[in-house]
Amino acid sequence: MLEPGQIVRFFYLWNREAAAGEESGRKARPTCVVVRTLAVPGVVFLFPITSQLPGTERVSLAISQMECRRAGLDFPCWIILDEYNRVELDKAFDFETTKPIGTFSPAFLKTVASTVKQAAAARKLAGVARS
5 MLEPGQIVRF FYLWNREAAA GEESGRKARP TCVVVRTLAV PGVVFLFPIT SQLPGTERVS
65 LAISQMECRR AGLDFPCWII LDEYNRVELD KAFDFETTKP IGTFSPAFLK TVASTVKQAA
125 AARKLAGVAR S
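Going letter by letter, the sequence shown gives residues 5 to 135 in the working numbering.
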């Protein structure tokens with residue numbers, strides 16, 4: 005079962021791709037499991053990780069070299085926090101694997117969650133429901 009902070013490879017569907025009518029991500033990329041809810045235990049919220057420096061209009065966090073090592077990621081990279089994929093695990097076919105490649109520390113995950121909450125409060129958070 006996937007847990008918050010774990011990094012998995014997933015065919016992430018960017019919001020711009022979904023808006024253009026695409027239904028699946030173009031390539032498997034590392035994503036971070038950030039949220040699981042008790043109300044809907046079979047659903048996870050995945051946030052994409054990129055090696056490309058995000059534009060200044062994006063809500064993102066640079067991932068430190070130490071966190072990259074913990075997470076099994078190349079350095080440098082960033083986690084994008086203004087969009088996510090909502091995935092029902094029993095209907096999720098876009099995981100390359102559900103075996104985590106690594107995990108962020110609880111302290112970094114707390115910073116990630118706080119940044120997501122701020123983006124949501126500022127209405128700068130968008131999601132793509134995947135099935």
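Backbone N, C-alpha and C fix where the C-beta goes; we use that ideal spot for every residue, glycine too.
Worksheet item: Going by DSSP, which residues form a beta bridge with T35?
Response: Beta-bridge partners assigned by DSSP to T35: V12, P52.
Worksheet item: CB G46 to CB P110, shorter than 8 Å?
Response: No.
Discussion item. Contact between the segment 68 to 84 and the segment 95 to 102 is defined here as three or more beta-carbon pairs at a separation below 8 Å; is this criterion met?
Written reply: Here the segment 68 to 84 makes no contact with the segment 95 to 102; the two share fewer than three CB pairs at distances below 8 Å.
Worksheet item: Under the three-state reduction of DSSP, which class applies to L17: helix, strand or coil?
Response: Residue state, collapsed to three classes: coil.
Discussion item. Alpha carbons only, please: which of I11, V120, E27 is nearest the one belonging to R54?
Written reply: First, the residue type needs correcting, since residue 54 is Thr and not Arg in the sequence shown. For the residues I11, V120, E27, the minimum Cα distance to T54 belongs to I11.
Discussion item. For F79, which residues in the same chain have their Cβ closer than 7 Å to its Cβ, ignoring the five residues on either side in sequence?
Written reply: Closer than 7 Å at the Cβ level, and outside the excluded window around F79, lie Q69, C72.
Fill in: Buried/exposed call for T60, threshold 16 Cβ in 10 Å
Flag for T60 reads exposed.
Worksheet item: What residue from P104, T102, A133, S64 has the CA that sits closest to S118's CA?
Response: Ranking P104, T102, A133, S64 by Cα distance to S118 puts S64 first.
Practice prompt. Given a cut-off of 8 Å, decide if Y16 and L50 are closer than it, judged by their beta-carbon atoms.
Written response: At the C-beta level, L50 and Y16 come within 8 Å of one another.
Worksheet entry | Presumed contact (8 Å Cβ cut-off) between G106 and A75, rounded CB distance | With a beta-carbon spacing of about 4 Å, G106 and A75 fall inside the 8 Å limit used to define contacts.
Discussion item. Please state the DSSP three-state secondary structure of S145.
Written reply: Nothing about residue 145 can be read from this structure; the chain reaches only from 5 to 135.
Fill in: Runs of beta strand (DSSP E) wholly within the segment 86 to 120 (minimum 3 residues, chain order)
Complete beta strand (DSSP E) runs here, min 3: 87 to 92.
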